[in-house]
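See structure below.
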Amino acid sequence: MKIRLDSNKFYDVEADALVVSIYENEKPEDGVLKDLNERSGGLLEQIIGTDEMRGKTVDSVFIHQPGKIRARRLLLIGAGKREDFSLETLVKYTGSAARLLRSKGARSIAFLRRSSLNVESSAEAAVEGVMIGLFEPDAYRTNNKEERRIDELILTGIGPESESAAARGLERGRIVGEAMNLARDLANEPSSTLTPTRLAEHAVESANKFGLSVDVLDPARMKELGMGALLGVAQGSDQPAKLIVLRYSPAAAVNNEVIAIVGKGITFDSGGISIKPADGMEKMKYDMSGAAATLAAMQAIAQLKPPVNVIGLMPASENMPSGNAYKPGDVLRAMSGKTIEVVNTDAEGRLILADAIAYARKLGATRIIDLATLTGAVSIALGAVNVGMMGNNQVFLDELRESAREVGERFWQLPMDDEYRDLIKSDIADIKNSGGRYAGTITAAWFLKEFAESTPWVHLDIAGTAWENDRKPYMAKGPTGVAIRTLVNYVCNHAARK
Ligand code: BES
Ligand code: MN
Ligand code: ZN
């Protein structure tokens, strides 16, 4: 898709469709709406405020041959209350518009900028919205495949003083949107094709393309390093585990910090010997969404080149039952030296993360963000709306939450009182891998905290938000690419903060 700015007046932009947002209770009395109303022979006056166009975010009106504007069609789309308008709304309405216009056969679409949000971030959000919106998980379809394409995305209504900021935003949007869709493709891929080995190959490919260094640890090296927790999980699978490490080291970093992003890469979670019920088990191919987000963020960071060191770690394994599988009652020795009593083989994510977090510290990480589809309990607590966030350093948590807010993602912090730690005490080892049903998201975080030790660390539980169960106007059903935009934004903010 070609992405460009157009400095012509909105009515002179050459496109199949021009998209104009309409706020609630707005009247076409001044500015571009007045102009557009006159050019369309009073159409806006007739439409805006009717039940068809109340300005609510679900409203849209599609008009052919709209009068004296060059675009062949006009899409009016509700943008909600003007005072509530945010980057999140922008991502959604550009996504909805792109999906709708593609279904109408439009090939080139132009968005008219109307909000007063920051030019660079809104240009970025518009491109991301469109790219997220147009993504279709139909690689395996042989019929009813979406064959229609949008070839050109145009942004208009940007003054000459803001053009360079807008151009930067468009480029960032393209980079981040592409990375998100890569992560979504990976999460959709069946586990029979996306094995830990294949995931590592994807990481190597991306590293070579964008200039990251890469190291893939195989089980022999894990064994040398004493990674008994990761190896314990992998033991039941015929597929060898991989610990994939991507490294971004800019020539001129502004400080000595090394930010580590650690993503859970279970390419299939059957539960192991503590096997999951059959219903819905097919979805457990997306249990590598944390690793996919890590790869995506690293790929975007490599292109955006913020002056700060970042490493991405992806512990990858299947979790399978077999004669070799680890079993409830087993005790594993993690790389950090801590011993873990396995009480449930389905609590495997925290085990592979324990060794990856310890390895991140060994590689010199000064702060760690891990993200994982870790607990079903986070969906009970926060639904599909908020990412669950926990950590050991409030300043770090606040910074990350602010980075999420800036890009329109929602993270919600859960408490980590010491009492929750009691739930994962073991009778025979240092710690056990499950605290049972109560506060499941928090006890999982407490487990990880034991391995982050003194390093500032934030844990993101994306089990509820990494998969969208319903088709939305702005997005296909399936993997969402959650947290990627926040991670990239956090790293860039951190580099700017010095
Ligand atoms: N991958 C699952 C978590 C999950 C569940 C993600 C549902 C998405 C949807 C994780 O490995 C898991 O099985 N967690 C257990 C932990 C329990 C055994 C302590 C869970 O949440 O039930
Ligand atoms: Mn599990
Ligand atoms: Zn899992």
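If you want this note's numbering, it's the position in the sequence shown, counting the first as 1, plus 232.
Glycine is no exception: its CB is placed at the ideal position from the N, C-alpha and C atoms.
Model, not experiment: these values are computed from the prediction.
Secondary structure of asparagine 551 (DSSP, three-state): strand. Short note on glycine 312: C-beta not closer than 7 Å to any heavy atom of the ligand MN.
The beta carbon of valine 264 is closer than 8 Å to those of Phe242, Val252, Leu344, Arg346 and Gly389 in its chain, skipping five residues each way along the sequence.
Its chain contains Asn624 as the residues whose beta carbon lies nearer than 6 Å to that of lysine 681, once the 5 sequence neighbours on both sides are disregarded; these appear in chain order.
The three-state secondary structure of valine 486, taken from DSSP, is coil. By the Cβ criterion, the region 423 to 437 is not in contact with the region 722 to 730, since fewer than three pairs of Cβ atoms, one from each stretch, lie closer than 8 Å. When the beta-carbon positions are compared, leucine 478 and alanine 435 come within less than 8 Å of each other.
For methionine 412, the enclosing alpha helix (DSSP H) starts and ends at 395 to 420. In this structure, the beta-carbon distance from valine 575 to leucine 564 does not fall below 8 Å. The beta carbon of glycine 596 lies closer than 6 Å to those of Val490 in the same chain, with the five residues before and after it left out.
Counting the other Cβ atoms within 10 Å of the Cβ of aspartate 693 gives 16 or more, which makes it buried. Check the Cα spacing between aspartate 370 and each of Arg380, Thr499 and Pro647: the tightest is with Arg380. Of Val359, Ser394, Ala708 and Gly401, the smallest CA-CA separation from glutamate 384 is found for Val359. When the five nearest sequence neighbours on each side are left out, the beta carbons in the same chain lying within less than 7 Å of the beta carbon of aspartate 450 are those of Pro472 and Lys474, in order along the chain. At a threshold of 7 Å, threonine 607 counts as near the ligand BES, since its beta carbon sits closer than that to one of the ligand's heavy atoms. Where glutamate 384 is concerned, the enclosing beta strand (DSSP E) starts and stops at 384 to 388. In this chain, arginine 373 is not harboured by any beta strand (DSSP E), its DSSP state being neither H nor E.
The ligand BES approaches alanine 579 closely enough that one of its heavy atoms is under 7 Å from the residue's Cβ.
Where arginine 453 is concerned, the enclosing alpha helix (DSSP H) starts and stops at 451 to 457. Annotation for aspartate 602 indicates a beta carbon at 7 Å or more from all heavy atoms of the ligand ZN. With respect to the C-alpha of glycine 668, the residue from Asp662, Asp650, Gly710 and Thr607 having the closest C-alpha is Thr607. Runs of the beta strand (DSSP E) lying entirely within the region 597 to 625, each at least 3 residues long, are 599 to 604 and 619 to 623 in chain order. Look at the beta carbons and you see the region 625 to 636 not touching the region 499 to 512: under three pairs across the two are nearer than 8 Å. Judged by beta-carbon spacing, methionine 621 lies within the 8 Å limit of arginine 633, meaning their Cβ atoms are closer than that value. Remark: C-beta atoms of phenylalanine 367 and arginine 314 do not approach each other more closely than 8 Å. Annotated three-state conformation of leucine 585 is helix, per DSSP.
Around the C-beta of isoleucine 601, 16 or more other C-beta atoms lie within 10 Å, and the residue is accordingly described as buried. Rounded to whole angstroms, valine 610 and alanine 534 show a C-alpha spacing of 31 Å.
In the DSSP assignment, valine 252 falls within the unbroken beta strand (DSSP E) covering 249 to 254. Lysine 657 and threonine 427 have their alpha carbons spaced roughly 33 Å apart.
Within 10 angstroms of the beta-carbon of glycine 555 lie fewer than 16 other beta-carbons, which makes it exposed. Only buried fits valine 720, as 16 or more other CB atoms lie within 10 angstroms of its CB. When C-beta atoms of the region 322 to 335 are compared with those of the region 285 to 301, three or more pairs fall below 8 Å, so the two segments count as touching. Membership of valine 359 in any beta strand (DSSP E) is not indicated; the residue belongs instead to the alpha helix (DSSP H) covering 351 to 366. For lysine 234, the enclosing beta strand (DSSP E) covers residues 234 to 238. Annotation for glutamine 467: Asn556, Ala557 and Tyr558 place their beta carbon closer than 8 Å to its own, counting only its chain and skipping 5 residues before and after.
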